[in-house]
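A short worksheet on the structure shown next.
There are 2 protein chains.
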Amino acid sequence: MATQTRERILDATAELFRRHGYTGTGLKQIVAAASAPFGSVYHHFPGGKEQLGAEVVLRSGRMYFELFELIFDAEPDPLEAVRGFFLGAGETLRVTDYADACPIGTVALEVASTNEPLRLATAEVFEDWIVRGAARFEGLGLEPAAARALIIQFVALLEGAFMLARAAKSLEAMERAAEAAVALTRAALQQSVDTAG
Amino acid sequence: MATQTRERILDATAELFRRHGYTGTGLKQIVAAASAPFGSVYHHFPGGKEQLGAEVVLRSGRMYFELFELIFDAEPDPLEAVRGFFLGAGETLRVTDYADACPIGTVALEVASTNEPLRLATAEVFEDWIVRGAARFEGLGLEPAAARALIIQFVALLEGAFMLARAAKSLEAMERAAEAAVALTRAALQQSVDTAG
DNA sequence: GTCTATACTTTGATAGAC
DNA sequence: GTCTATCAAAGTATAGAC
């Protein structure tokens, strides 16, 4: 079915983007990994590689935020949820030999100055994470500005830790990032209690 | 002179890596930007693009750490130095229309799973920053483990903030990263005083 | 030794057979 | 509508003129 081919192409592209980035991933590589004929890329994505890339970025962004929500729904203690999210990302990294990190981060740095439609797609994903993540922290009593600041610091720590961990093939940076995120969250929650009280 | 050509090639490559990344930068693009004949790349870098890339990564790593030391030598208050370093990086980003970030970060994510010599070069740079940065914080009274943790968190925050800032073409993430770095530093210094006292 | 011309591969994209 | 054959351009690398 056509939809299945489309799905396979999107999945294969996301996988390849994580390992090789946007410019490092060829359309021929993609159709080979998706077991699809070459022409099907342009059938399903008339805009070519750029359109396919943008859809993969947006789709991956949604999937990662769902994972974030899953963990925060399951863990009542926000500090433990924060720790669990970072260490879970680290565990995925480790079991895939430090290959499966965030497909958006790599693409974001590559295209920021060269491909405006794709830059906008990465910016949209990050802003969506920030807005929806901030809403969660507001639910814990944080002021809007404090909640937004905290989630921005999370994303920066997470993406930076992905970079360091993949380069070193070590979880050390992810563990230190987890500790920083927990400390920042604890301080923000404490601050909100002090202000309210 | 031969050395000048070599320098021009290294400078041009570093500049292009920041904007287009490793796979996105072609050798033809490099020699054009450096006003050098094509053959001179292989004359000065017999290992081709890979050797050139590794040298650029190591060289850029040294330059960025020198900048870090310059700022920390000039500012006696460590909290102000931390803030100044992050905001200075943000200012450079802004005046270059969010193009001139860290040439190592982009390359690091691209090559982590595809080019082992280059991955090792990026890992070497990050580890060098961490070791030498930690030495500075130990000088302020931090335990070795605490100093190492703090500088790792800095680098993660900085690289992550570069990513978010370039995607959004906004300094917001860099400003929040600066605040996080200052807060983490303040807490670490306080902790070391408490322990010593 | 500096540089030019070229070889060979792979890229994104398209036209047209079936 | 699915897929194959092919395009022009750009990629890295090399051979050889001067």
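Sequence order for the protein chains is D and V. Counting from 50, one number per residue, gives the positions in the first sequence under the working numbering. Counting from 50, one number per residue, gives the positions in the second sequence under the working numbering. Each residue gets a CB set at the ideal place from its N, CA and C atoms; glycine is no exception.
Straight-line spacing of the CA atoms in MET112(D) and SER162(D) works out to 25 angstroms.
Taking the Cα of ALA184(V) as reference, the smallest distance to any Cα among SER89(V), PRO86(V), PRO125(V), GLU118(V) is reached at GLU118(V). For the segment 207 to 219 of chain V, the set of positions with a beta-carbon nearer than 8 angstroms to some beta-carbon of chain D reads LEU207, GLU208, GLY209, ALA210, PHE211, MET212, LEU213, ARG215, ALA216, ALA217, LYS218 in chain order. At a cut-off of 9 angstroms between beta-carbon atoms, LEU119(D) makes no contact with chain V.
For GLY88(D), the enclosing alpha helix (DSSP H) starts and ends at 88 to 93.
Neighbours of GLU228(V) in chain D, taken as residues whose beta carbon is under 9 angstroms from its own, are ALA198, GLN202 in chain order. Around the CB of GLY73(D), 16 or more other CB atoms lie within 10 Å, so the residue is classed as buried. In this structure, the alpha-carbon of ALA148(V) lies about 6 angstroms from that of LEU142(V).
Residue contact with chain V for TYR113(D): absent (no Cβ-Cβ distance below 9 angstroms to any residue of chain V). For GLU165(D), the closest C-alpha among the options ASP122(D), LEU107(D), GLU99(D) is that of GLU99(D). Around the Cβ of GLU115(V), a 10 Å sphere holds fewer than 16 other Cβ atoms; the residue is exposed. The way I'd put it, the segment 68 to 86 of chain V doesn't touch the segment 228 to 243 of chain D; fewer than three beta-carbon pairs between them come closer than 8 angstroms. For chain V, the residues of the segment 132 to 164 of chain D that bring a beta carbon within less than 7 angstroms of one of its beta carbons are TYR147, ALA148, GLY154, THR155, ALA157, LEU158, GLU159, ALA161, SER162, THR163, in chain order. Within the same chain, and ignoring the five residues on either side of LEU213(D) in sequence, the residues whose Cβ sits closer than 7 angstroms to its Cβ are ALA222.
Apart from the 5 residues on each side of it in sequence, ALA227(V) sits with its Cβ closer than 6 angstroms to the Cβ of ARG132, PHE135, LEU136 in its chain, given in chain order. Restricting attention to GLN53(D), PRO127(D), ASP60(D), ARG55(D), the CA atom closest to the CA of PRO152(D) is found in ASP60(D).
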